[in-house]
Structure formats: C-alpha cells, structure tokens
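J.: Residue numbers (the numbering used here): 10 to 1083.
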Amino acid sequence: MTSTTPADPGPLTAAIPKAYDPSETEEEVTKRWTTAGVFAAEPRTGDDQTPTYSIVIPPPNVTAALHLGHALNNTLQDVLIRYHRMLGHRTLWMPGTDHAGIATQTVVEKRLLSEGVKRLEMGRDAFLAKTQDWKDEYEAVIIEQLLAMGASCDWERTRFTMDEMCVTAVRHAFYTLFQDGLIYRGKRLVNWDPVTRTALSDDEVEMEEIEGHMWYLRYPLSDGSGHVTVATTRPETMLGDTAVAINPADPRARALRNKSVLLPIVDRVIPIVEDDYVVMADPDSSDGKAKYATGFLKVTPAHDPNDWEIGLRHELPVINVMGPDGSISSEHGWEDTSSEAQEFVGLSREEARSAIVAWFDERGLLEEVRAYTHSVGHSYRSHVPIEPWLSDQWYVAVTDDRLRGSALRAQNPTQSPALPDDAGHRTDAPGDGAMTFHPDRYARTYHAWHAGIRDWCISRQLWWGHRIPVWVRLQPIEDAGPEIGAAVADAAVDEPVFIESRWVAAGAAHLARKVTETEVEEAVCVPPGSSLRRLDRTDSTMDEAALIAAIETDGFVQDPDVLDTWFSSGLWPLSTMGWPWPEDFPETVGLLESFNPTSVLMTAREIITLWVSRMTMFNRYFRQGQLPFDDVFIHAMIQDGHGQKMSKSLGNGVDPRDIIHTHGADALRFTLVQMTTDTQDVRMPVDLICPHTGEMFTPEFITTSAGHVVAAPTQTSPNEPTKSMVSAYGVATGAVTATTDVPLARNTSSKFDLGRNFANKVWNATRFALSRIDPGHAPSITVDPSSADGSTTFADQWIIARLAQSLGVIEEALANYQFNVYADTLYDFIWRDVCDRYLEAVKPTIDGNADQQAVLGAVLDAVLRILHPVCPFVTEALWPHVAAVRTGEIVGVALPPSELAASARWPVVEPLASAGLVVDTFDRADRLVGAIRTLRSSRNVKPKQRVTLHVPASVRELIAASDGMIETLAGVGDVVDFAAGDDRPPAASPLPFEGVEVLVSGLVDELDFDAERARLQKLIEAKATQVRGFEQRLANPGYVTNAKPEVVAETRERLETTRNDLRAAEAALTALTN
RNA sequence: GGACCGUUAGCUCAGUUGGCUAGAGCGCUCGCCUCACACGCGAGAGGUCACUGGUUCAAGUCCAGUACGGUCCA
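(1) Between Leu1081 and Arg1024, how many whole angstroms is the CB-CB distance? I'm expecting something under 8 Å.
(2) If I measure Cβ to Cβ from Thr11 and keep anything under 8 Å in the same chain, skipping five residues before and after, which residues do I get?
(3) Can you list, in chain order, the residues of its chain with a C-beta nearer than 6 Å to that of Asn70? Leave out the 5 residues immediately preceding and following it.
(4) Taking only runs of the alpha helix (DSSP H) that begin and end inside the region 159-187, which ones reach a length of at least 4 residues, in chain order?
(5) Would the beta-carbon of Ala419 fall within 8 Å of that of Arg629?
(6) Where does Met10 sit, in a helix, a strand or coil, going by DSSP?
(7) For the alpha helix (DSSP H) containing Ile319, list its first residue and its last residue.
(8) Report yes if the CB atom of Val691 is closer than 8 Å to the CB atom of Ala645, and no otherwise.
(9) Which residue spans inside the region 423-449 form an unbroken beta strand (DSSP E) run of at least 3?
(10) Using CA atoms only, rank isn't needed, just tell me which of Pro727, Gly716 and Thr712 is closest to Gly703.
(11) Bridge partners of Glu218, per DSSP?
(12) Measuring alpha carbon to alpha carbon, tell me which of Leu271, Glu976 and Ala135 ends up nearest Val964.
(13) Going residue by residue through the region 257-305, where are the continuous beta strand (DSSP E) segments of at least 3 residues, counting only ones entirely within it?
(14) Would DSSP call Leu21 helix, strand or coil?
(15) Can you give me the C-alpha to C-alpha distance between Asp87 and Ser161, rounded to a whole angstrom?
(16) Work out the CA separation of Tyr381 and Ile711 for me, nearest whole Å.
(17) Just the Cα atoms here: how many angstroms apart are Gly355 and His392?
(18) If you reduce the DSSP assignment to three classes, tell me which class Cys844 lands in.
(19) Identify every run of the alpha helix (DSSP H) within the region 67-129, keeping only runs that are complete inside it and at least 4 residues long; order them along the chain.
(20) Specify, as a first and last residue, the run of the alpha helix (DSSP H) that Trp458 falls within.
(21) Whose C-beta lies closer than 6 Å to the C-beta of Val879 among residues of the same chain, with five residues either side of it excluded?
(22) Can you name the residues that DSSP bridges to Lys760?
(23) Between the alpha carbons of Arg482 and Ser539, how many angstroms are there, rounded?
(24) Measuring CA to CA, which of Ala501, Phe507, Asp503 and Val502 is closest to Ile493?
(25) Under a Cβ-count criterion, where at least 16 other Cβ atoms within 10 Å of its own Cβ denotes burial, should Ala1074 be classed as buried or exposed?
(26) Alpha carbon to alpha carbon, how far is Gly335 from Pro203?
(27) So the candidates are Thr801, Leu848, Glu821 and Arg841; which of them puts its Cα closest to the Cα of Pro970?
(28) In chain order, what residues of the same chain have a beta carbon less than 8 Å from the beta carbon of Lys298, not counting five sequence neighbours either side?
(29) If you draw a straight line from the C-alpha of Leu835 to the C-alpha of Ile809, how long is it?
(30) For the beta strand (DSSP E) that Trp403 lies in, which residues bound it at each end?
(31) For the region 168-178 and the region 419-439, state whether three or more C-beta atom pairs, one from each stretch, are separated by less than 8 Å.
(32) For the alpha helix (DSSP H) holding Gly743, just list the boundary residues, first then last.
(33) Less than 8 Å between the C-beta atoms of Thr1087 and Ser388, yes or no?
(34) Nearest-angstrom Cα distance between Leu978 and Pro952?
(35) Tell me the DSSP secondary structure of Ala514 in three-state form.
(36) Alpha carbon to alpha carbon, how far is Pro999 from Val1007?
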C-alpha cells in the first residue's frame, strides 16, 4: 500500500454540481442511448441459443396523452427489459400505438363539432384525413412521453395498429377465420348506441344504476273477458310486442292458456305464451324483480335480449320499431302500423315513452307507476342508454372450441379451476397449460370470463378503423344463378353455406345464406394481396385490385363497416413481428421465431377480457397453439387521493411530464416501482403547482352532483390572492378555459420526493467517491476480499458481503415480479449500507488505502448497475465518471467495462465464505454504535466531540474485529479495558450491552446522577417485562411441546441474553448509587 | 345479484410458509451547516393491526361473519 495525498478534486469532480438536476441530464442521456442504438433487438440466427426476452407494449390509444397509469405500466416493463438486457439476453421491447376506433372517432368528432363541422357533412375521406392528423399529433405526444420516461423500446420498430404491416395481419387473419367458418354474419340483437350509431361489444357497455319508473300497463284480452297487466321500464317498446308471457307455474296460467291479447295502439293480436323465464309476482319478496313483477311479461323480441330468447323458444315474430337513431320508425321491419300507431312514428325514444304512457293513462289503461331503481346499460363512449337493436353484424365464433377452448387450455393448471366439460383436456401440445397469471388470482377472472363467453360482434358502424374485407350482394334467389340456388336450397334461413365459385378459384372465400325464404345474401372475403400471391389457386390471373374490381362489377358492394378495435389489438404480438409474411418486411425476419411467445404481458386488470383473451385465442389459432406470452402480470390501478379512478372526465389524471418536470424521470420511476405490490389499487394524492409563483399547494376540492371529489375549476394562488388559475377538472368539463392570465395549474405530488431524494443521494455518494479515489493510484491492483492478509478492511468485506446478499434478493424479486422488494432492497442497500455506514466508515482510511479505493470504485460501479433498470438517467449520467475512477479488480466481483450503463452487464458477485460472520459482527457493532449514539444524543454531545469507551474483554474483541468502524461511526476516541471489579472512571455513563457493562466517559464534565438512575431504571423495567414474557412462554407446557424446537431454543436464548442485560443494568444502577 | 381487493403510526404503504420488541417514506419533536449530500446527518415520540366470533401453545397473518371503502362482471 502506498500512501497518497487526498485526491485533488480534479476538473471532472469540479464539474459535477452539488445536487442532481434531472432536467440538465435527461435529454443528453437519451441522446447517448439513441446514438449508440443500444435498444435495437437482434433476433437469433442459426443455432444461437442466447436466451431471449421480449415484451410488446400494450399500445396506448391515440386519443390522448399518457397518464400516471401508463407511466406505471411502462416503467415496470422497462425495468424488466433493461434488467434482461443487462443479463445479456436478446431483448425486444416492441413499441406502438392503437388506433382505438370508436374512442378516437368520438374525440375527433367532438373536436370538429366544437368548430361547427359535422362528420356526415364532411364525408368519409375528409373525416379520415382529420382523424389521421389527430393520430399523428397524439402518437408524437405519446412517444415523446415514453422517451421522457426513459422507455428503452426498440424505436425503429414502432408500429401502429393501422399501419401497413398491421393491415396485412388483420386482413389475413380475417380471411383465414372466414375461410375456416369462424366468422359469420347474422341478424342479432346488438348493443346499439343511438348517438354514435354503432353496435358495441358487451364489454363496451357500462351498467349504471338509474332511478327510473316501473309502469304497469293493461293489455285487454282479445275475447273481451278482461285484461292482463304487464310491468315495464321501457313502455315505448310495446309497439313491437309480439306476445305476453306467463310462468307456467303461475296459478292463473291455466285459465289463460291459448288466449291472446289485443295490443293497444297497434291493435295487434298477440298470444299469451308460457315460459319459465317469467318471474312470478311476489310483493313481499326481497328480490326487486319479483317485488315489482305482475307475473305477466310483455315480450318484445326485437328490443330485448331476454325477449329475443323467449321469441326463439316460441317462434314469435320479431318486429323492429326503431331506427338507428333510436326513434320510432316503421321502416326497419314494422309493417302493421295502425293509424293510431302512426302518431308515434318519428318520436325519439324518450318522447315516445311519455306519449305512450300518456296514451295509456288517458284511456284508463295505466294501472300504476312506481319508482324503480335498476341497472341500465350505457355506452362507454356516448354515455347514453344502450338500445338492444336488431341489425346485421359480423361475428367471430369465439364460442368455438378452437378459440374458447384453446384459450382455456392455455392456462397453467395449477392456478385455474378445472376446465369446463366442453373444453376438452390439456395435452402436450405447444402452449397448453403454459400461461401463468401474476398475481395468480387473476387466473380465475380469466377463466370465469370464458365460461360465459358469447360470440364476438366485430363490426362497428364507424369510419376510423380496419374496413371489413368483405363484399356483399343481396338478391332474390332466382336471380343469383343456379349454383347459389342449389347450394342454399336445403339450408335454413341464416345458415351459411360455402360456395365454390370463380371468386374462390381466384383466391377469395365465398359464403351464401338465405336471409329469407326468397332472398340470398352472398359474402365474398378477399385476402390481402400478399396472401393472394402465395395461395395455391386455380385461377391466378387476377391480383387483389383486379379481383375486387371484378367482384364489384358483378354487383357486390364492400361492407361499409370497420372492425372492432380489439380485432387488430388481438393480433398485436403477431402483427408487430411481421406475421403472416415477415419476408415482405425484411426487418421483421426472425422476430416471430425469437420473440413470440413474448416473455410477459403487463397490463391493468380491466383489460383481461377485452385483450388478453383475444390475443391468446388469435396467437394460438394462427401459430399452431403457440402462446402470445408466457406470463401475464396485472399491476395496480392508480387512484387519486380520494380513492377515485383517474379519468379524463374528472380531470384527475396526471401527465407524467408534470412529475418529470418537478421531480425527474428517475424519481417518477423509482417511486412507482417502489409502490408496486400485488394489491389492486394505490392512492396518489396530487397537489397543484401555482403557475404564478411556482409553489406547491393542495387544491380546493368540491363534490360533484355524482358524488366525486374533484379540484374546483378555478383555484386561487395561495400567496397571491389576486391571481388565479384553472384546474384540469375545470378544463375537462368545459367549465373554464386556460388563458394567459388564468393558466392551467400543473400537477405534482410529494409522493415522488422519495425518488428524487434517492437519486440525489446516489449522485452525492458518487461525488464523494470521485473526490476520494485517485485513479492513478495503483491502477492494476488486485484486491481479494476473502484473503486473510488484512489487505481489505472489515468495512470492505462487509459491503461486498451485503452487495452479494442484496443482489440475491433483487434477482429473486425481479423473477417473481415483486417490484417493491426490488426498490426497497436498493434503497436499503444504497442509502443505509453504502452511504450511512460504508462511506462514513471509510472516510478516515480511504485516502491512504489503494485497496479500499478499488473496493469503493467497484461498489459504486455495482450500485449504478443494479440501480440502472429503475433509475436509468442518473446512473447513465454518472457512469463515465465512475468508470474513470475504477482501479484494479476485486476478486469474485465481475463488473466488465462497458461504454454505457444501458449496455453494461448485470454484476456477478461470488459470496464470501466469511460473509455470515462478517455480517453478524457488523450487526453487533452497529447495535453498539446505536447505543452510544443514543447516549450521545440524550446528552447533546457535539458531533465532533470524542468519547472514551471502557469495555470488558468481549466488547474489546468486537471493537477489534470491526476494525475501527465503531470508533468512526460512534465518535469514540479512546477505548480502555474495564473489568467488573475495576474502579469506575469519573463521570462515566453505564451502558448495558450484550449482557455486560460498557462505560462511556467524556460525554459531559459532571454526571447528572438522577438522570442516569432514571435512565437505568427505565431500562431495567423494560428488560424485566421482556424477561417475564419469555418466562411465561417457556412455562407454558403447550408451547414447549408443540412449538418448533428451534423456535423454543431461540426463546431460551433470548431469555438468557435479556436476563444478562437486566443484570448488567441492575449492577450499573447499584454501582451508581454507591 | 356474482366475484375480487382493501381497512396496520397523522398521511401513503410494507409485513413470504402463523413464532423475536409490528416496519419504511413523508409529517412531527430534539440536536447538528460533522471536510458527498439541508433533496442532508444523528437521535426520538407515535400503532387495541376496522369490528365480532372461532381454530391454535401462539393470529396483523388462518377460518366464519359484520361494517365501511374501492374495482370488475352481470
């Protein structure tokens, strides 16, 4: 060891400011990554067996900027991606965005409407151009946000669900499913949104509690012998009634058998049918339905899903009395319109409701009206009540075993309930039983959803989306030609039949079905050109355009609808990797083989059904059973400070850029990771930043009529009462607009101080190291911490032992998605161990100790590496500085050099053989340090003042073993021997420690005997209570016989040491009193 | 109506198979501008683990129920 003068804080050190300023480093660090191209994924080639790791981003909707929920989602993905990249895996994080059909169309339409432009007036092409602009704008915002957060996606591969690659996948998937009989068109009741005029899938319908009414309407029997009373919440639908139903068990049923009623207004004679579905009247029932029921149910198959089922059972006619806008209409299947009924045609459903109730009331046919609270489906987009409406829609037969059964069989059998009888058995086939949920309770959510699944309505009456690749022709059977006629001759109405036509010879798929007994509808599905070229077809003269032109010439018209957004999202893990024809997009060659199945899908739980299920079905169907992902990790949902879901309409969503602005990206990330446990929800109280003064304040809250607690639209500056600002809630509701004088207040939250302070701590620990390591000092040194030659200090051995321990905990935590354990372990190791203990302990020795400088450099290097996945910016910024002061090698600690932290290898640390003893010794020493510090603090001893320790032999050994650490950390000057019988030094405070007495002198000039005695008395009482507790436990025979032997032994040991402590304290008190 | 989650310090949250004196961060109190960091250092106070009952030698932890809050599904 050569001695050196303290390192001169050279230019490098001087250049590092005292506090970490994220805004100055983040952009520059991002550039370093981009320039180096470290995020680019390289698929495996040849017989390369390097492990792979891949994630496809849940593509954010291009409707709006990302909020904290996205920040959480993407941070967790980035942690895993960066970690596996450091492990040396071939790593792909696929970025992209979702066109979000209905959601985007709605926001664009709203924006246009505010400018006075209507979608229908501007036309399809112009509207799509506007929507494309919107998409471009928000896609750019989203990518900017992800970059600002440090997401290490392979940006060169950024996809969009409507780009060329995804279009090909959608077209090919649709064609394949169509060809395989898994896509069909049918007249069904759909969830109709009369405002956006589109069908919605079941998942897009939100149930809301409505305080409405139950109307009791009298329907006269057609033989004039009386009437029946039906109860309904939707009187307007009575125009389409085609029966009245009664439960066969109802005592009145026999008398009414084979009778009919004359439907008022319409004068339609409709039968009384008997059906088990009907709830019998029971005024005393606790069940709302029975309580309000009359026992008679009006049956409207065209306007109620349950009535539809009843209609099927009793072969009732289906009469649709509404148009697509929800108004009463006689043009959509209602033919027996009486002149009386004509009065109601054209009314909106709300107007019709009042008018019909009034009509019944005027004629004495309204028996009663009662208040009634019930759930009503609402459109998740327009928020108006859904109208069950009969229309032609396209469906995917997800109830088919090839989809539903396959999705169920994918589940890891150890965490899902038994497969339903109709779902077959798991086999050795790829993917079966291989999909695992974390936390595992979500496996049941997934399972339960598939148990009750219905066919998936995929057509949407929108413009923004993937156009349905089907051309349709409807005509009388006799006009359709002999082949079609023959093909459908024996088929039932609505039963699809595949046709072998010239379109099929040219590569299309061709279906026909009778719509009625006399009309046939043909549908021709055209695959994308790239698939067409590869087909083995008998007529290969036509390319895609020619084929479509020919079909259209023959009178076919392309379906105007687009596909449900989730159809393209469901293909995301496939389409982004170039499926089905990667060779057409050369950059995607090899991706599927290397990276699908992806390693994990990270998402919030609300999307398990919508998305996870469909990706599983599609990926397995199109890739021979292969799963889209092995694991599904469901993370928490971030709520606001009042336990409310963050939503656009409440304006309580927080833009991650606001947090990055006040705290930095690393602080954002670290805090989010630190709060990720396996619970469902986390609360995030949010404050505002006054745009006038820059100070943080808690906004004034108001309660909305719906009971939500939100920031008042206008807020007053806390210290400038004349100035005001608007809240995001105010802007979201349109109550206020931000102006120059009254600007929008940005959000912040003191929750993120945790991460900001931590990043700053790392920054300063590094600054310390840079000022104390002399890089020219023995650069080729080799330090062996396991060597007993005294070349490494106790502190050095201990910190390496702790590094190894922490690494083990972190690796296990990340393997099990325990993100908070990862963050907490980092925090403890870096702050408590490295900074509070290690750095403090080495201060007196490091300047002259080249070995210690090498250890410190290595520890800092390792810290940057293990912290990098969660705090990539500060670690990358410090990386070159730490690399510059690395000297020598530490035996057993592998930290290979790297240009960038982002491409560095994860540390490998071999555990020291003596680690257990070293850590034990440290813990004992640390307890002694703590006891001395407490004593010092209670006497107000200045930090610089040294105290003298008088110790018995056992403590002398501990002090020697810990190599000066106790003296440094506790501010101890001299240590002198002291045995039980020795004369007591003057003004020395007794300190019972490990059952022996230690004396501390030099604290004060004069001892306050009363205070000393009181302190000891308190300690004695505490120890005595503990001793009694242990004694009682051991006196209990049940404990001694039943508890695990090691637990009992531990209790005995603890009793022993506590007794010794008690004795030592009592002896000290006696000595003090004499 | 069904399912799931939560209720632990003033606040936000940890607490793996039941077993040391129930932990952290913030806030609070006291003392420190101790030559990396006041976004800091040292010390401390603060909890009937929502409630009721049960299982057990032993319950924050397991079981049953209640209350309140939240989410998803119908």
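Beta carbons are placed, not taken as given, at the ideal position from N, Cα and C, and that holds for glycine.
T.: According to the data block:
(1) Incorrect: roughly 10 Å between the Cβ atoms, too far for contact.
(2) Only weak support exists for where Thr11 lies, its pLDDT of 34 falling under 50; the value from the coordinates is given anyway. For Thr11, where only same-chain residues beyond five positions count, the Cβ hits under 8 Å are His786, Ala787 and Ala859.
(3) Asp107, Ala109 and Ala112
(4) Listed in chain order, there is nothing to give.
(5) The answer is yes: Cβ separation under 8 Å.
(6) Its pLDDT being 34, under 50, Met10 is placed unreliably in this model, and the value from its coordinates should be taken loosely. If DSSP states are grouped into helix, strand and coil, Met10 belongs with coil.
(7) Pro314 to His323
(8) In this structure, the beta-carbon distance from Val691 to Ala645 falls below 8 Å.
(9) 445-447
(10) Pro727
(11) Ser384
(12) Glu976
(13) 269-272 and 277-283
(14) Below a pLDDT of 50, predicted positions are generally treated as unreliable, and Leu21, at 44, falls in that range; no measurement from the model is reported.
(15) 6 Å
(16) 29 Å
(17) In a straight line, the C-alpha of Gly355 is about 23 Å away from that of His392.
(18) Assignment of Cys844 by DSSP, reduced to helix, strand and coil, places it in the helix class.
(19) 77-95 and 110-123
(20) Per DSSP, the unbroken alpha helix (DSSP H) holding Trp458 starts and ends at Tyr451 to Ala460.
(21) Val88, Arg678, Phe679 and Val682
(22) Looking at the DSSP assignment, Lys760 forms no beta bridge with any residue, so it has no partner.
(23) 25 Å
(24) Phe507
(25) buried
(26) 5 Å
(27) The sequence given here has Ala at residue 970, not Pro. The residue with the shortest Cα to Cα distance from Ala970 is Thr801.
(28) Val288
(29) 14 Å
(30) Glu396 to Val405
(31) no
(32) Run containing Gly743: none; DSSP gives neither H nor E here.
(33) In the structure as shown, the chain starts at 10 and stops at 1083, and residue 1087 therefore has no counterpart that could be examined.
(34) 10 Å
(35) helix
(36) Here the alpha carbons of Val1007 and Pro999 stand approximately 6 Å from one another.
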